[in-house]
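Below is one structure, written out as C-alpha cells; comments come after it.
Chains as they are written, first to last, in this note's numbering: chain A, 5 to 251; chain B, 5 to 251.
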C-alpha cells in the first residue's frame, strides 16, 4: 500500500519529496530502487520530521503504536492519514494524538500480493478511497487528504468510521475469511493438492485471496473484531436459510 | 458447454460431422454460424440417429428425460456421455438406458457466461475433465470418451460418480452458493448498488460467479442435493470455529 502510494504520488508530482522508513532495511532499499520514496529516513522519527503530510502505512493493528511514537515530532501543521483496513479504532487514536489534523483513509484496492515488489504506480487508478472524517476534522486537513487521493488516481468517498468498518467487514473481511474456509472445507477429506488441482476457474477466483498474507489478516480482523463477528453471523444465518431451502 | 465442445472437436478434426439439436431455434442457428455443429437436426431424435457418439449437454436435471426420449434411436453401438455437473443421478439413468455404453463426464471448465455466444473452442484446453466409469462400463466406451476429451485439449481423470459429486459440491457448488450469499449479506443493509460499487477487486473476484445463470444452478443443486447439503454443513461448522476463534 505505502509503496504503491509513493509511486503514484511521484507519477503525479515528479518533484515531490517522499521520506520513507521501514523497520525492514531491504524494504526501504526496494522502495528507493523502485521510486516509491525519494529519501531514505534513518528512523521513523526522521521520516516525519518536517513533513507536510504523514501517511501511516503499516499493518492496521500497529498503527496506534506507530502514531504514538512519532506524535511529538510530526510538525504542528502537518496532516496525518493512514491506509488501514479498519477505521474506528485507528481514528480514535489518531484524534487523540493529532486532533483535527488526523483524517483516516482506506483505499479499496490491493491484491493478495504484498511488499515493495508488489507495488504498482497504477494500483489506485479509478478505485474508491474511503476517507473517514469526523465532526472534529478540520476542513483544511480533509481537503489535503482528498487532494492526495485524487492525485494518485483514486476517487475519494467520505464515510463515518463505524459505517466504514461495517461495510468493509462485509465487502472485504468476511469474503477473506470465507475464501480460507472454503479451501479448508474442500481439503477436509483427501489429498489437498490433488483436490485443488481439479478445481475449475470458479473455485480459483473465489479462493484466490486465501493466498493473502495471514499476518496482515490477523491484524485486520483484530482491529475490526465486532463488525467482522456481525458479518460472519449474517452469513451463517443466510447459509442456514439456503440449507433449509435446498432440503 | 455443448457449443464449446463442438467448436473444440471441429478444431481437432476439421472433417468431423456434428449434428446438433436445441429446443431454441436461435441457439441452433448460432451453433451453425459459429461452427459448433455441422448439421442442424430437425428434432432431438434426428440428432442422435446414426451417431457414433452422443453427447448430452443440457441442464443437468433434464438429462434423464432427454436421454429417455432418444434411447430407442441411439444406435446400438454408439457411446453416450454427458457434461453435467452432478454424476450419480445421471449415471444411474444412463446405465439403465444405455447399459455399459454410458460414461458420465464433467469438464471442470466454464464461466458465469452461458449460451452459444459464450462458446469458445479453447474452453477445455488444459482443464481436467472428470470421467465417471463404473465397474459395468465397457472399456471400449471409456476409451472413446477419454479420446474425445483428449482431442478437445482437456485432461481426463476418472472418479467414481459419488466421489465426483462430493468433490464438486465442495469445489464448485458450495462456492457458487457462498458467492451469492456474500452478495446477499453485503447488500442486506443499504443501497445495494452503492455498496457494491465500493467493493475492491477481492470482493469482485469472490462474487463474480454469483452472476451465473440461476436456472442452471437450481438444476445443479437439485441434482446434487445430498452432497451440497453436506458441503454447506461443513462450511457452517468451519465458520462457527472461526467465529469462536475471533471472539
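We put the CB at the ideal spot given by N, CA and C, even for glycine.
{"Asked": "Neighbour flag for residue 249 of chain B against chain D, beta carbons, 7 Å", "Found": "Included in the structure are the protein chains A and B, with no chain D among them."}
{"Asked": "Neighbouring residues, chain B, relative to residue 114 of chain A (Cβ below 8 Å)", "Found": "204, 205, 206"}
{"Asked": "Chain A contact for residue 47 of chain B (CB, 7 Å cutoff)", "Found": "no"}
{"Asked": "Residue span of the beta strand (DSSP E) that contains residue 110 of chain B, given as start and end", "Found": "106-111"}
{"Asked": "Whole-angstrom distance between residue 38 of chain B and residue 30 of chain B, CA atom to CA atom", "Found": "12 Å"}
{"Asked": "Within 7 Å, strictly: CB atoms of residue 4 of chain B and residue 214 of chain B", "Found": "Summary: the structure shown does not reach residue 4 of chain B, with chain B confined to residues 5 through 251, and so no result is reported for it."}
{"Asked": "Validate contact between the segment 200-214 of chain A and the segment 226-242 of chain A using beta carbons, cut 8 Å, 3 pairs", "Found": "no"}
{"Asked": "Between the CA atoms of residue 109 of chain B and residue 129 of chain B - distance to the nearest angstrom", "Found": "16 Å"}
{"Asked": "Proximity test, Cβ basis, 7 Å: residue 133 of chain B and chain A", "Found": "no"}
{"Asked": "Neighbour-count burial assignment, residue 62 of chain A, 16 or more Cβ in a 10 Å radius", "Found": "buried"}
{"Asked": "contact_flag[the segment 158-165 of chain A, the segment 116-124 of chain A] where n(CB pairs < 8 Å) is 3 or more", "Found": "no"}
{"Asked": "Chain A within 7 Å of residue 239 of chain B, Cβ atoms only", "Found": "yes"}
{"Asked": "Assigned exposure category for residue 88 of chain A - 16 Cβ within 10 Å defines buried", "Found": "buried"}
{"Asked": "Proximity to residue 119 of chain A [Cα-Cα], best of A/7, A/145, A/84, A/143", "Found": "A/7"}
{"Asked": "Chain-ordered residues of the segment 19-36 of chain B with a beta carbon less than 8 Å from chain A", "Found": "none"}
{"Asked": "Beta-carbon gap between residue 105 of chain B and residue 84 of chain B smaller than 7 Å", "Found": "yes"}
{"Asked": "Beta-carbon proximity of residue 23 of chain A to residue 45 of chain A, cut-off 7 Å", "Found": "yes"}
{"Asked": "Per-residue contacts from residue 8 of chain A into chain B (C-beta, under 7 Å)", "Found": "Ordered by position in chain B, no residue passes the 7 Å Cβ test against residue 8 of chain A, which lies about 13 Å from the chain."}
{"Asked": "Terminal residues of the alpha helix (DSSP H) in which residue 20 of chain A lies", "Found": "Counting along the chain, residue 20 of chain A falls outside any alpha helix (DSSP H), and DSSP gives it neither H nor E."}
{"Asked": "Cut-off 6 Å between Cβ atoms - residues of its own chain near residue 146 of chain A, not counting five sequence neighbours on either side", "Found": "107, 137"}
{"Asked": "Distance, residue 188 of chain A Cα to residue 174 of chain B Cα", "Found": "10 Å"}
{"Asked": "Residue burial classification, residue 72 of chain A (beta-carbon count within 10 angstroms, cutoff 16)", "Found": "exposed"}
{"Asked": "Euclidean distance between Cα positions of residue 172 of chain A and residue 90 of chain A", "Found": "8 Å"}
{"Asked": "7 Å Cβ cutoff met for residue 95 of chain A and residue 179 of chain A", "Found": "no"}
{"Asked": "Chain B contacts from the segment 135-161 of chain A (Cβ-Cβ distance under 9 Å)", "Found": "161"}
{"Asked": "Residue 24 of chain A in three-state terms, based on DSSP", "Found": "strand"}
{"Asked": "Range of the contiguous alpha helix (DSSP H) that encloses residue 250 of chain B", "Found": "229-250"}
{"Asked": "is_contact[residue 165 of chain B, chain A] using C-beta, thresh 7 Å", "Found": "no"}
{"Asked": "Through-space distance from residue 36 of chain B to residue 25 of chain B, alpha-carbon basis", "Found": "10 Å"}
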